[in-house]
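Colleague:
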Amino acid sequence: MQKCLSESENGLQMWTGALPYAILACAIILSLMYFWFAVADRYTVFLYYHDMGPYYPDTSPFSRVTISRYWMTGLVASGAVMVLTTGLTWLLGRLMKGYHVPTWWRVWIVATLLLMIGIPWITMTVNWPTLPLRHAAQVTMVTILGLAFALLPLQLAAERPRYLIGLSLDGSALTLFLLYAVKAELVPRWLSDGRMEWIRMCAAVCLSGAVGLLLLTGLRTWRRLPVPSIQETIVASFCIAYLLMPLAHYIIGTNGYFYLSDSDNFFAQSWLLQLAVWLIAGILVSGVPHLWQHLLIWRRHNGLT
Numbered sequence: 446m447q448k449c450l451s452e453s454e455n456g457l458q459m460w461t462g463a464l465p466y467a468i469l470a471c472a473i474i475l476s477l478m479y480f481w482f483a484v485a486d487r488y489t490v491f492l493y494y495h496d497m498g499p500y501y502p503d504t505s506p507f508s509r510v511t512i513s514r515y516w517m518t519g520l521v522a523s524g525a526v527m528v529l530t531t532g533l534t535w536l537l538g539r540l541m542k543g544y545h546v547p548t549w550w551r552v553w554i555v556a557t558l559l560l561m562i563g564i565p566w567i568t569m570t571v572n573w574p575t576l577p578l579r580h581a582a583q584v585t586m587v588t589i590l591g592l593a594f595a596l597l598p599l600q601l602a603a604e605r606p607r608y609l610i611g612l613s614l615d616g617s618a619l620t621l622f623l624l625y626a627v628k629a630e631l632v633p634r635w636l637s638d639g640r641m642e643w644i645r646m647c648a649a650v651c652l653s654g655a656v657g658l659l660l661l662t663g664l665r666t667w668r669r670l671p672v673p674s675i676q677e678t679i680v681a682s683f684c685i686a687y688l689l690m691p692l693a694h695y696i697i698g699t700n701g702y703f704y705l706s707d708s709d710n711f712f713a714q715s716w717l718l719q720l721a722v723w724l725i726a727g728i729l730v731s732g733v734p735h736l737w738q739h740l741l742i743w744r745r746h747n748g749l750t
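Residues in the sequence shown are numbered from 446 upward in steps of one, following the working numbering.
(1) With hydrogens ignored, establish whether the beta-carbon of V733 is closer than 7 Å to any heavy atom of the ligand FMN.
(2) Helix, strand or coil, according to DSSP, for Q719 in the structure here?
(3) According to the neighbour-count rule (16 or more other Cβ atoms, all chains shown, within 10 Å of its Cβ), is F491 buried or exposed?
(4) Leaving out five residues before and five after T620 in sequence, what residues of the same chain have Cβ atoms less than 8 Å from its Cβ?
(5) Could you please give the first and the last residue of the uninterrupted alpha helix (DSSP H) stretch that includes R645?
(6) Between the C-alpha atoms of R514 and G563, what's the straight-line distance to the nearest angstrom?
(7) Specify the secondary structure class of P574 as computed by DSSP and reduced to three states.
(8) For D503, does the count of other Cβ atoms within 10 angstroms reach 16, so buried, or fall short, so exposed?
(9) So does the segment 548-563 actually touch the segment 581-594, counting three or more Cβ pairs closer than 8 Å?
(10) Following the continuous alpha helix (DSSP H) through A522, name the residue where it begins and the one where it ends.
(11) Whole angstroms are fine: how far does the CA of A726 sit from the CA of Q676?
(12) When DSSP labels each residue in this structure, what does A485 get in the three-state scheme?
(13) Should L614 and V680 be called a contact, given that it needs their Cβ atoms to be closer than 8 Å?
(14) Using DSSP with H/G/I as helix, E/B as strand and the rest coil, what is H694?
(15) Pick out whichever of A603, T575 and P565 has its Cα sitting closest to the Cα of Q583.
(16) Can you give me the C-alpha to C-alpha distance between R645 and R634, rounded to a whole angstrom?
(17) For P465, I'd like the list of residues in its chain whose CB is within less than 7 Å of its CB, leaving aside the five on either flank, ordered along the chain.
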């Protein structure tokens, strides 16, 4: 009986410890959501009726491109949570010996319960136009998913910051591939416009990402350092590509107007192409370590090490 009570108290303490992080995450996200949807000029934030050229003729409040700006708010807000909470846990880990971060999924569950109430209320009741239920649900779901990724680096930031830096380098290399491989769907348009230099640039960036990942893994293998797992590298690349980069675009890539990016800057319009890019990225991440291991075996077999 006493053991059961002790386990129950420990479980309650774990949930209680997750509460401050969950409240902080929700405060950041809901404050940003309220600003974008209730306070700011929507013609600036979401670029209503903005001239985007012949390929985007409709930029009305519920056009495809504008709807994507609505749910991109979830990724930008989650990026802000990731940057601020990762910095906070890094600082606490340096100041408090033995500091332990709450389990990420506990923080996520508590925050999710609050966001499922707060985001629909903001997006469906304030300013004009209010969002229909399906679009409000889309914003909510994207935000909740983005938050899950945003909370994953916390433990490494507090306990293994050097490893997190190295993992971020791998993620950055793969990010180059993720963000530029989806531009393949624009090749026909670029060919018709005579923009061969854009095609060459995207191909070069994709190749540099793959080569960067190859070199980083090779350096770790040579120095006998731990190689991040496939899951760690993919999560790191998703955090950088789909949380950090949208946040960076919002802060420094909008010429001081601070508008929300549309999804075409980060994702393919074709879900088949997007899945193919993710699949190729997974194959690349899983194949590079095996390539180096086979190379080392071959060198040892031939007496080169």
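Glycine included, C-beta positions come from ideal geometry on N, C-alpha and C.
Bear in mind that the values here come from a model prediction, so they are computed numbers and not experimental data.
Modeller: According to the data block:
(1) This structure does not include the ligand FMN; it has no bound ligands of any sort.
(2) Counting from one through the sequence shown, the residue named residue 719 turns up at place 274. If DSSP states are grouped into helix, strand and coil, Q719 belongs with the helices.
(3) As a working mapping, residue 491 is identified with position 46 in the sequence shown. With a 10 Å radius around the Cβ and a threshold of 16 neighbouring Cβ atoms, F491 comes out buried.
(4) Indexing the sequence shown from 1 puts residue 620 at position 175. G654, S682, I685, A686 and M690, listed in sequence order.
(5) Position 200 of the sequence shown, counting from 1, holds the residue named residue 645. First-last of the alpha helix (DSSP H) with R645: M641 to R668.
(6) By one-based count along the sequence shown, residue 514 stands at place 69. By one-based count along the sequence shown, residue 563 stands at place 118. In this model, R514 and G563 are separated by some 19 Å (Cα to Cα).
(7) Residue 574 sits at position 129 when you count from the first residue of the sequence shown. In the structure shown, P574 sits in coil (DSSP, three-state: anything other than H, G, I, E or B).
(8) Along the sequence shown, read from residue 1 onward, the residue named residue 503 stands at position 58. Its Cβ having fewer than 16 others within 10 Å, D503 is exposed.
(9) By the criterion of at least three beta-carbon pairs nearer than 8 Å, the segment 548-563 is in contact with the segment 581-594.
(10) Position 77 of the sequence shown, counting from 1, holds the residue named residue 522. Counting along the chain, the alpha helix (DSSP H) containing A522 begins and ends at R509 to L540.
(11) Counted from its first residue, the sequence shown places residue 676 at position 231. Counted from its first residue, the sequence shown places residue 726 at position 281. Their Cα atoms are separated by approximately 12 Å.
(12) For this step, residue 485 is matched to residue 40 along the sequence shown. In the three-state scheme derived from DSSP, where H, G and I count as helix and E and B as strand, A485 is classed as coil.
(13) For the purposes of this step, residue 614 is taken as residue 169 along the sequence shown, with counting starting at 1. For the purposes of this step, residue 680 is taken as residue 235 along the sequence shown, with counting starting at 1. No, Cβ-Cβ distance for L614 and V680 is not below 8 Å.
(14) As a working mapping, residue 694 is identified with position 249 in the sequence shown. Of the three classes helix, strand and coil, the one that applies to H694 here is helix, per DSSP.
(15) Within the sequence shown, residue 583 is the residue found at index 138, counting from 1. Closest by alpha carbon: P565.
(16) Walking along the sequence shown from the start, residue 645 turns up at place 200. Walking along the sequence shown from the start, residue 634 turns up at place 189. Their Cα atoms are separated by approximately 14 Å.
(17) The count along the sequence shown starts at 1 and reaches residue 465 at position 20. Cβ within range, chain order: n/a, list empty.
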